[in-house]
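In the working numbering, the protein residues as written are -11 to 868.
Backbone N, C-alpha and C define an ideal beta-carbon position, used for all residues, glycine too.
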Amino acid sequence: MSDTLAIAAEKAGSEPARFDFAAAEPRWQQAWERRGCFRVADVPDDGLPKYYVLEMFPYPSGKIHMGHVRNYTLGDVVARYKRARGFSVLHPMGWDAFGLPAENAARERGVHPARWTYDNIAAMRAELQRMGLSLDWSREFATCDPEYYGHQQKLFLDLWRAGLVERRESWVNWDPVDGTVLANEQVIEGRGWRSGAPVEKKLLSQWFLRITAYAPELLSALDGLERWPERVRVMQAKWIGRSEGAKLRFPLLRPVGSIEGVEVYTTRPDTLMGMSFLALAPEHPLAAAVAESDPQAAAFIAECRRLGTSEAVIETAEKRGFDTGLCVDNPFLPGQTSPVWIANFVLMEYGTGAIFGCPAHDQRDLDFARKYALPVPPVVLPPGADPATYAIGDTAYVGPGVMFNSGFLDGLDTEAAKRAAIAELERQGAGKGEVNWRLRDWGVSRQRYWGCPIPMIHCDACGIVAVPDSALPVRLPEDVTFDRPGNPLDNHPSWRHVACPECGRPARRETDTFDVFVDSAWYFARFCSPRAAVPMARDAVDHWLPVDQYIGGIEHAILHLLYSRFFTRAMRDTGHLAEREPFAGLFTQGMVTHESYRTADGKWLYPEEVERQPDGSAIHRDTGEPVSVGRVEAMSKSKRNTVDPGAIITRFGADTARWFILSDNPPDRDMEWTEAGVSGVFRFTQRLFRLAEAVEAAPTPAPGTGFGDAARTLRRATHHAIKAVTDALESFAFNVAVARVHEFANAMADAEKVAEAPDHPGLAWARTEAVETLARLISPMMPHLAEEIHARLHPEAESLVAELSWPEADPAWLAVESVTIAVQVMGRLRGTITMPPGAEAGDVVAAAAVEPNVARALQGKRVIKRVHVPDRIVNFVVAE
RNA sequence: GCGGGAGUGGCGGAACGGUAGACGCGGCGGACUCAAAAUCCGUUGCCCGCAAGGGCGUAGGGGUUCGAAACCCCUCUCCCGCACCA
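Below, the structure is given as structure tokens:
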């Protein structure tokens, strides 16, 4: 089937009755470009309302994939629709161009990262342009352009001056073979993903952006993001992770070196009198101090470190600990001490890296206490429990209750006890109430070449000195080698040597580059004034931001979106813009999936290597060997279940690809790409073309009142389609918009049938109206075919559908001439009647009652209630 | 475990509390053709019935309502996210 279709598609050029997409699509793309249809000014003076549509910009891998097609089609529908609705639409495109793949290509194939990246950009730009997207290409930039990253360096220095940048030590995943820091997702089973070497935890000085300074605002402002998916807001809220509790200090009975006590954060200060032990994270300073004189402690800590890096949390659900022999006092229980343990389940990164263990009311603490036979004193009595007999088994009681065994807290409920405990801690000076956040500051240092250089200088005399604004951008050197492990910037013979801007003596450049998430944390702002001499022109960003509709994958729900929200606030506080939130509306699309195929010996096959048999089985196209059809799953190179958008556009055209990707299902769900689906859509494009072909430009003016039945029916269908498609597009229900166009096409086909017969007043005019309307209604989805249809009706005119306004439904033609009213008896459908719209209730009920089938159902029954919903339903309620 | 989302024909999916299954795919039957493709027409939730018609039906069980796929309660299944966060 696909072969024959391909032939049909290829023949399309030679047969005039077909839509020759291969010729038409480039022609219209050039026409849009020539007329600058999609260009807008940085600060427009057209007085139109603004609308900023943005899709997440791509990493330039070199080829677009179906996920891109879906993403950019969705955005383009919105952009074209809003433009037609009279908005001045900003719809830009650029490249998220820094990152590791370019460096890997350099190491593996000897291509310079810049060369590799710009070649890929050229290839991908050409593919995107074939899709016919309504982009303002004059705004294009790549984040690896020195112009772009120079402005990023300026932003960073502004943050530095505003106190939003810190340099401090932190634990990182270190690959000793590659000599580089690894992100968590690059550590696989405790080993570097490239080198395979066991990853070490290493303490390194890193640059941090103080995102935590905005934690309260980032959390509270989530409530205002009404056009964001609920789940993204929830994920961000959990990531930010606000908790209320108390921080308190436990004095050690005997100091260890200079350490005299341990700070602990808890959300359950009410349970302090149920304390059984104190536990330290293995990385805790006190643990390290103990280890200095205790080889066994050192061995335990080393063991934890080895397991800890490997994300082995899952397999080591088992809790393990080491008793240091130390003891602490409890501020609420004078004279009673608790042992200090080192425990593998305590996280250094959260709170203070130490906890107090209350096993009766915390499951983790209970597991630990049972394992090491520590006491489990209960202090919270669940509702209805008997204090005389209440005991904890294998399940901790974490719910609310009434305090007992707790001295001054006895009798209080959990919430009151928390408040009373905090008040008492504060009175004693032993601790205080505190809000804690899970969010960590953002470590942005990467020991890599292909990233934006961090514009800082290390001077032995002056310390850390910022590169002066006048010396920006700090450019990456081009003459780098990748033949040695580690960061090429460190290995470069001269680049790092620089005179200190303050004292003039020899100093060293920072050789770390920024995390690529910094690049994408402000690009939406740069798009507003992409050629400005400053990071962003204030009047341009104040005009265009926030992005009205942002569209992309759910995988960026947390990091990219949170960093962008942070950066926007940081840019506000450094005077670059006024806006608070970057993205007023967010839409997260589903994945594109496909069947997967493999041969008997387990080799994955590409879809084009597989042929389906009439009986549903599959064989290898060339060898004829049987192929097993696997699950439908996300397209991935490893499963080879990918379809190349370029090949699809060549065979079927961009409009077909766009329409299919919109039509299959709602855009937030995963969609399945199928051959049958594409073929069906291809046929539909040809059908629309034929329907339009059959219609001549009708004489203007309209024939006034001279519309016969057929013309009236078609005009009603036309205006109904306008309303229905508009409603669907407004609600992001693109699959429904597609269905409404199908209905409209069916109505047009019906009109064509009767048009053969003579004497249909006004039908020719109505058919022209229908075709003109069709062109505009499909234009957001199938822009090329829309232009083609429009041009055939107006061969002399210069106008483009891309420049036309959206059609308006005429209410007069939305009105129906009769309505079908369902008639129920006791809520069960017994018949339907046809009435004029707005008929009197009495008339409708009377007509309903005599409908034969209804009358039979009412036979011998006493009607006790008649429900009438105008133009919709009549329901007779009868007594039994 | 916690959180979020989803369960509707063979399939993707429609459906302001008001005729469930729009629209498409697929299937079946037919027209056109030497034949095929393309195109066009009809049909297509399940069961009973020659028909008229009737029964069942939106994961399952209850409830609210004249009327529930939709609202409420309980249960089940699947997908996604987070997961020793003190």
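Under the rule that 16 or more other beta-carbon atoms within 10 Å means buried, what is H53, buried or exposed? buried
Runs of 4 residues minimum, wholly inside the segment 526 to 557: which ones carry the alpha helix (DSSP H) assignment? 526 to 532
For A834, does the count of other Cβ atoms within 10 angstroms reach 16, so buried, or fall short, so exposed? Exposed.
When you compare the CB positions of P441 and E490, do they come within less than 9 Å of one another, or not? no
DSSP state of R816 mapped onto helix, strand, coil: strand
W425 (DSSP reduced to helix, strand or coil): Here W425 sits in strand by DSSP.
Pairwise C-alpha distance: V169 and E96: Roughly 19 Å between the two C-alpha positions.
Could you give the distance in angstroms between the alpha-carbon of T312 and the alpha-carbon of K359? T312 and K359 have their alpha carbons spaced roughly 16 Å apart.
Since M223 and I546 should fall inside the 8 Å C-beta cutoff, what is the C-beta to C-beta distance between them, to a whole number of angstroms? 6 Å
Roughly how many whole angstroms lie between the Cα atoms of D875 and Y39? Since the first and last residues shown for the chain are -11 and 868, residue 875 lies out of range.
Where does G87 land, buried or exposed, given buried means 16+ other C-beta within 10 angstroms? A buried status is given to G87, since no fewer than 16 other beta-carbon atoms sit within 10 Å of its beta-carbon.
Using 9 Å as the threshold, is the C-beta distance between L116 and P80 below it? Their beta carbons are not under 9 Å apart, which means L116 does not touch P80 by this criterion.
Any idea what DSSP makes of W794, helix, strand or coil? coil
For M623, which residues from the same chain have a beta carbon less than 8 Å from its beta carbon, with the 5 sequence-adjacent residues on both sides left out? H53, M54, G55, M579, V580, T581, H582, N629, T630, V631 and W661
Hey, how far is the Cα of S517 from the Cα of F554? 21 Å
When you compare the segment 423 to 430 with the segment 228 to 243, are there three or more beta-carbon pairs, one atom per stretch, that lie closer than 8 Å? Three or more Cβ pairs drawn from the segment 423 to 430 and the segment 228 to 243 lie within less than 8 Å of each other, which places the two stretches in contact.
Look up V683 in the DSSP assignment and say whether it is helix, strand or coil. coil
Top-ranked residue by Cα proximity to Y202, from R560, A752, P799 and V759: R560
Could you check what DSSP says for E248 in three-state terms: helix, strand or coil? strand
Could you tell me if V869 is buried or exposed, where buried requires 16 or more neighbouring beta carbons within 10 angstroms of its beta carbon? Nothing about residue 869 can be read from this structure; the chain reaches only from -11 to 868.
Should the segment 247 to 254 be regarded as contacting the segment 209 to 219, the criterion being three or more beta carbon pairs within less than 8 Å? Counting C-beta pairs closer than 8 Å gives fewer than three between the segment 247 to 254 and the segment 209 to 219, which falls short of the contact rule.
Which residues in the same chain have their Cβ closer than 6 Å to the Cβ of H778, if we skip the five residues on either side of it in sequence? Same-chain partners within the cutoff: A763 and V789.
Tell me which residues share the same chain as N108 and place their Cβ nearer than 8 Å to its Cβ, disregarding the 5 neighbours each side in the sequence. P48, S49 and G50
Can you name the start and end residues of the alpha helix (DSSP H) that M54 belongs to? M54 to A72
Looking at the structure shown, is L145 part of a helix, part of a strand, or coil, going by DSSP? Three-state DSSP puts L145 in a helix.
Of the choices R27, A606 and V77, whose alpha-carbon is the least far from that of V896? Shown here, the chain extends from -11 to 868; a query on residue 896 therefore has no answer.
Express the C-alpha separation of P370 and G387 in angstroms, rounding to a whole number. 7 Å
Under the rule that 16 or more other beta-carbon atoms within 10 Å means buried, what is R149, buried or exposed? exposed
As assigned by DSSP and simplified to three states, the class of S872: The question about residue 872 has no answer here: the residues shown for the chain are numbered -11 through 868.
Enumerate in chain order the residues of its own chain whose CB-to-CB distance from R293 is below 7 Å, with the five nearest sequence positions on each side excluded. The beta carbon of R293 sits closer than 7 Å to those of K189 and P270, all from its chain and outside the five residues before and after it, given in chain order.
I'd like the ranges of any alpha helix (DSSP H) spanning at least 4 consecutive residues and lying wholly in the segment 272 to 339. 273 to 281 and 283 to 296
Segment limits, alpha helix (DSSP H) that includes K359: Segment Q351 to K359, the alpha helix (DSSP H) holding K359.
Nearest-angstrom Cα distance between R871 and P795? Residue coverage of the chain in this structure runs from -11 to 868, which leaves residue 871 outside it and unanswerable.
Would you call R127 buried or exposed, if buried means 16 or more other Cβ atoms sit within 10 Å of its Cβ? buried
As a quick exercise: from G24, A94 and N734, pick the residue whose alpha carbon is nearest that of S122. G24
Would G341 be called buried (16 or more neighbouring beta carbons within 10 Å of its own) or exposed? buried
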